[in-house]
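Participant: The opening position of the sequence shown corresponds to residue 2 in the working numbering, with each subsequent residue numbered one higher.
The C-beta atom is built at its ideal place from N, Cα and C for all residues, glycine as well.
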Amino acid sequence: MDDTQNNLPQGEEQKPEEKDLPQKPIEMEEAAASAEKPVKLEDENPQAESEVQAENPSAPEPETTTETEAETASEELEADSEVVLSDEDLEKDDDTAEVQGDEDHEEEHPDELEMPDYAEYNAEDLVGAAFKLLRDHPIQKLKDHFAAIRKYLMNALNEERAEKLAEFVEQGGNEIDFEFIQPLREQFRTIYSEYRNRRRKFYEDLSAQLDQNLLVKKNLIERLKELVNKEESIGETFKDFRAIQEEWRSTGPVPRNESRDLWRTYHFHVENFYEYIKINKELRDLDYKKNKEHKEELVKKAQVILDGNDLREGFKQLQELHKEWRQIGPVEPELREELWQQFSGITRQIHEKRDEYFKELRTKREELLEEKRKLVAQLKNLPKNHTKHHEWQKAIKEVNSIQDAFKKIGRLNVADNDAVWEQFRDGLRDFNQAKNQFYKELKKEHHDNLEKKRSLLARAEELKDSENWRDTANELKRIQADWKKIGHVPKSESDKIWKEFRSACNHFFDRLTAHNKGRDEKFEANAEERQTFLDELEKWAPDLSDKKEAIKAIKAKIGEWRKMGPSPKKLRNELEGRFNKAIDSFFKAIDLDRQESQRIRFENKVDSLAAQGERELQRERDFLRRKLDEAKKELIQLENNLGFFSSSNPNSPIVKEATKNIDAQKANVSSLQAQIKMLGQKIKSMREAEEKSSEETQGSEE
């Protein structure tokens, strides 16, 4: 009879633990099921089983469940572990040799101890998780967890150490002198050493127990062989046979490499015993019937599993059914093949159903993995050369969005998932390095700006009590303009230094306002005088019969106006406007040449500016120089435009208009030059007068 179970599809091996993000529920279910290895259906006939083995030497060993568990971690880890690992050992994976019995596959159920996403843990949480695992769970279930914890913790600690070393060297230190104590590294060293020692002891004890079970089962086989030679009643012999069977069932697992031959030998001698007692047909048939009913019940249970939808739990139950099937004695020879075919056929269908489920799941995982690859590409293609804070803030939001999408996909049990995660982490690291470098430079710029503003603050503090009102006001306005040009400063200092600067400026300008208020009160009498003068001026008219005398009279009026004291600031523009309007009307009445009129008016303006100080004259001259530059450029442009009409009729309206514009612009340039010259002469005369006054004062003192 063929042992068809040897040809059933193999279950998936559990992939290494995922490293990046939390696993989705559907994948947890798959991981639990895929960790369970397919059962091997054993025939009741050792000869038939031997033939199958010859045809398929690679067929898997029969597997069942072990009930052995290691001691749980103690409440407090002791510091005196058998071996304390070095830094080099901490960087290596656990290489403890594992020992497996013939029933160890049940220990591989990952759903018994769900794997969190340790990649999301910080260093403190990783150490805490390691301690809790060691305290609360069997040691043989912790390998994948400790491998992941050790990997991520060492990465974090080594990166921290590398950063501190770079800072140490950057500050002028010698790398050979660098020392950096990491308490978390020392804590994990103790926990990991305890884990390694316990795990090593667990497998040493398990190996000894498996060897002991092997010896017990070999002795049971020897006792089974001797039954056929006993000279006692069949009833007593059958009782001994039952006792051997029960002891065989209660004895634990044996080394996996010994399991196949041991079971074949045992089964062979069980068959021999049944052949031996065939003379007692009634007793044998009764046992056949009981075994048949038991196996038929297992077939029904297998059918229930096939009809159900819980593949993970169902496959686990199927392992138990096969284990139980192997423990049942034989049935009548003519029924053996029929029962086996029923049971193995249902098993095959369960495997096919399970394989189809995982095929669909693998396809879905590949699609999700491709989504992850797209997110990695999107992350790596993000610009990292931003020069503005708001640009980086926008980029950070984009990265956070990509991260959220990556996390939402979850952990994927596929071979390339680790590589994709590493690519994603590299992309994050590159982005963060560029971002951190920008903000490092920005921080330095903020501190430089702070020093600049402190310098301006110190200058404002020096000037706030000055009584040189005009110059100090102009200086503080310049300082305020410079302040606005300076960029941001550290947030912790921003409000403080701004309040101090504003307080200093306000202090001066409040004093200036009070000063101007008192001064304006003194100028009220001057304003009344000017208003009286304007009332009379607006009624006055020059003698138009003599143009020269009229101009002379107008200039006299201008002179009188300039000799009057200053007016309050709030009335100054209004009074000047009335005066200029009256003078313009006089010039218009006598039909004075436009150029001459402009010159006299400008002389009037120069005298007005001179009364306010040399600075106002210089400011006006700078303004006119800029206007002169613009006028010259426009003149050049007009002359260039006229060049396009050089072959045209000079009487053409277009040519005439162009020529007229050029002449007007030349006159404007000439007028501006004259005004600038007039201002220069006025400034020069004021300086000479000031120097002369200074010399006279000095001579008088001498």
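Could you check where the alpha helix (DSSP H) with P184 kicks off and where it finishes?
Facilitator: Counted from its first residue, the sequence shown places residue 184 at position 183. Residues 184 to 228.
Participant: N123: which of D466, K634, R503, K152 sits nearest, CA to CA?
Facilitator: What you label residue 123 is simply residue 122 of the sequence shown in a count that begins at 1. Nearest option by C-alpha distance: K152.
Participant: Between the segment 360 to 374 and the segment 414 to 421, are three or more C-beta pairs nearer than 8 Å?
Facilitator: yes
Participant: Output the distance between the C-alpha atoms of E321 and L307, rounded to the nearest integer angstrom.
Facilitator: Walking along the sequence shown from the start, residue 321 turns up at place 320. Walking along the sequence shown from the start, residue 307 turns up at place 306. Approximately 15 Å between the Cα atoms of the pair.
Participant: Do the segment 500 to 513 and the segment 450 to 470 meet, that is, are 3 or more Cβ pairs less than 8 Å apart?
Facilitator: yes
Participant: Looking at C-alpha atoms only, which residue of R136, P139, L143, V100 is the closest neighbour of P117?
Facilitator: Walking along the sequence shown from the start, residue 117 turns up at place 116. Measuring from the Cα of P117, the nearest candidate turns out to be L143.
Participant: Looking only at its own chain, which residues have a Cβ that is under 7 Å from the Cβ of K685, when we skip the five neighbours before and after it?
Facilitator: Taking the first residue of the sequence shown as 1, we reach residue 685 at position 684. The answer is none, since no qualifying residue turns up.
Participant: Whole alpha helix (DSSP H) runs in the segment 412 to 496 with 4 or more residues, listed along the chain?
Facilitator: Counting only runs of 4 or more residues that sit fully inside the segment 412 to 496, the alpha helix (DSSP H) segments are 418 to 464, 470 to 486, in chain order.
Participant: Do K324 and H270 have their C-beta atoms closer together than 8 Å?
Facilitator: Position 323 of the sequence shown, counted from the start, is the residue given in the question as residue 324. Position 269 of the sequence shown, counted from the start, is the residue given in the question as residue 270. Against a cut-off of 8 Å, the Cβ pair of H270 and K324 comes out as no contact.
Participant: State the CB to CB distance for the pair N642 and A659, rounded to an integer number of angstroms; the pair is presumed to be in contact (CB under 8 Å).
Facilitator: Stepping through the sequence shown from its first residue, residue 642 is reached at position 641. Stepping through the sequence shown from its first residue, residue 659 is reached at position 658. At roughly 6 Å, the Cβ-Cβ gap stays under 8 Å, so N642 and A659 are in contact.
Participant: In terms of residues, what are the limits of the alpha helix (DSSP H) holding T364?
Facilitator: On the sequence shown, position 363 is the one that residue 364 refers to. Segment 334 to 381, the alpha helix (DSSP H) holding T364.
Participant: Given that a residue counts as buried once 16 or more other Cβ atoms are within 10 Å of its Cβ, and exposed if not, what is A528?
Facilitator: The residue given as residue 528 occupies position 527 in the sequence shown. The residue is buried, with at least 16 neighbouring Cβ atoms inside 10 Å.
Participant: Candidates N273, A557, E168, E335: which alpha carbon is nearest K290's?
Facilitator: As a position in the sequence shown, residue 290 is number 289, starting the count at 1. The option with the nearest alpha carbon to K290 is E335.
Participant: Kindly indicate which three-state DSSP category K231 falls into: helix, strand or coil?
Facilitator: Stepping through the sequence shown from its first residue, residue 231 is reached at position 230. Coil.
Participant: Counting pairs of Cβ atoms below 8 Å between the segment 623 to 638 and the segment 577 to 596, do you hit three or more?
Facilitator: no
Participant: Do you know whose CA, among K570, E338, G560, lies nearest R602's CA?
Facilitator: As a working note, residue 602 is residue 601 in the sequence shown. Per the Cα distances, G560.
Participant: Could you spell out the range, first to last residue, of the alpha helix (DSSP H) harbouring L158?
Facilitator: Position 157 of the sequence shown, counted from the start, is the residue given in the question as residue 158. 144 to 171 is the extent of the alpha helix (DSSP H) around L158.
Participant: For E298, which three-state DSSP category applies?
Facilitator: Walking along the sequence shown from the start, residue 298 turns up at place 297. E298 falls in the helix class under three-state DSSP.
Participant: Return the CA-CA distance between L154 and L127, expressed in angstroms with no decimal places.
Facilitator: As a position in the sequence shown, residue 154 is number 153, starting the count at 1. As a position in the sequence shown, residue 127 is number 126, starting the count at 1. When rounded, the distance between both Cα atoms is 7 Å.
Participant: To which residues of the same chain is R688 closer than 8 Å at the C-beta, ignoring the five residues directly before and after it?
Facilitator: On the sequence shown, position 687 is the one that residue 688 refers to. So the qualifying residues of the chain are E615.
Participant: So, helix, strand or coil for D118, using DSSP?
Facilitator: Working through the sequence shown from its first residue, we reach residue 118 at position 117. D118 falls in the coil class under three-state DSSP.
Participant: Under 8 Å, do L443 and I498 count as touching if we go by C-beta distance?
Facilitator: For the purposes of this step, residue 443 is taken as the residue at position 442 of the sequence shown. For the purposes of this step, residue 498 is taken as the residue at position 497 of the sequence shown. No.
Participant: How big is the Cα-Cα spacing for K571 and Q596?
Facilitator: Looking up residue 571 in the sequence shown gives position 570. Looking up residue 596 in the sequence shown gives position 595. Looking at the two C-alpha atoms, the distance is approximately 32 Å.
Participant: Is D241 near the ligand NAD, judged by its Cβ being under 7 Å from some heavy atom?
Facilitator: As far as ligands go, the structure on display features none, and thus does not contain the ligand NAD.
Participant: Can at least three beta-carbon pairs, one atom from the segment 183 to 196 and one from the segment 129 to 142, be found at a separation below 8 Å?
Facilitator: yes
Participant: From Q404, K408, N450, F439, pick the residue whose C-alpha is nearest to that of L429; which is it?
Facilitator: Residue numbering aside, residue 429 sits at position 428 when the sequence shown is read from its first letter. Minimum Cα distance to L429 is reached at Q404.
Participant: What do you reckon, are the CB atoms on Q343 and V300 nearer than 8 Å?
Facilitator: What you label residue 343 is simply residue 342 of the sequence shown in a count that begins at 1. What you label residue 300 is simply residue 299 of the sequence shown in a count that begins at 1. Yes, these two residues count as a Cβ contact at 8 Å.
Participant: Spatial neighbours of E76 within its chain, please: C-beta separation below 8 Å, excluding the five flanking residues on both sides.
Facilitator: The residue given as residue 76 occupies position 75 in the sequence shown. Note that E76 scores a pLDDT of 38, beneath 50, so its modelled location is shaky and nothing firm can be said.
Participant: Which class does K1 belong to by DSSP, given the choice of helix, strand or coil?
Facilitator: What the structure shows of the chain is the stretch from 2 to 703, and residue 1 is not part of that stretch, so it cannot be assessed.
Participant: Use the C-beta contact count for V100: other C-beta atoms within 10 angstroms, 16 or more gives buried, fewer gives exposed.
Facilitator: Sequence index remark: in the sequence shown, residue 100 carries index 99 (1-based). With 16 or more other Cβ atoms within 10 Å, it is buried.
Participant: How long is the line joining the alpha carbons of D212 and E205, rounded to whole angstroms?
Facilitator: The residue labelled residue 212 in the question sits at position 211 within the sequence shown. The residue labelled residue 205 in the question sits at position 204 within the sequence shown. Cα to Cα, the separation comes out at about 11 Å.
Participant: Per DSSP, what kind of secondary structure is K570 in: helix, strand or coil?
Facilitator: The residue given as residue 570 occupies position 569 in the sequence shown. The answer is helix: DSSP assigns K570 an H, G or I state.
Participant: Going straight from the alpha carbon of N517 to that of K657, what length do you get?
Facilitator: As a first step, residue 517 is located in the sequence shown; it is residue number 516 there, counting from the start. As a first step, residue 657 is located in the sequence shown; it is residue number 656 there, counting from the start. Answer to the nearest angstrom: the Cα atoms are 55 Å apart.
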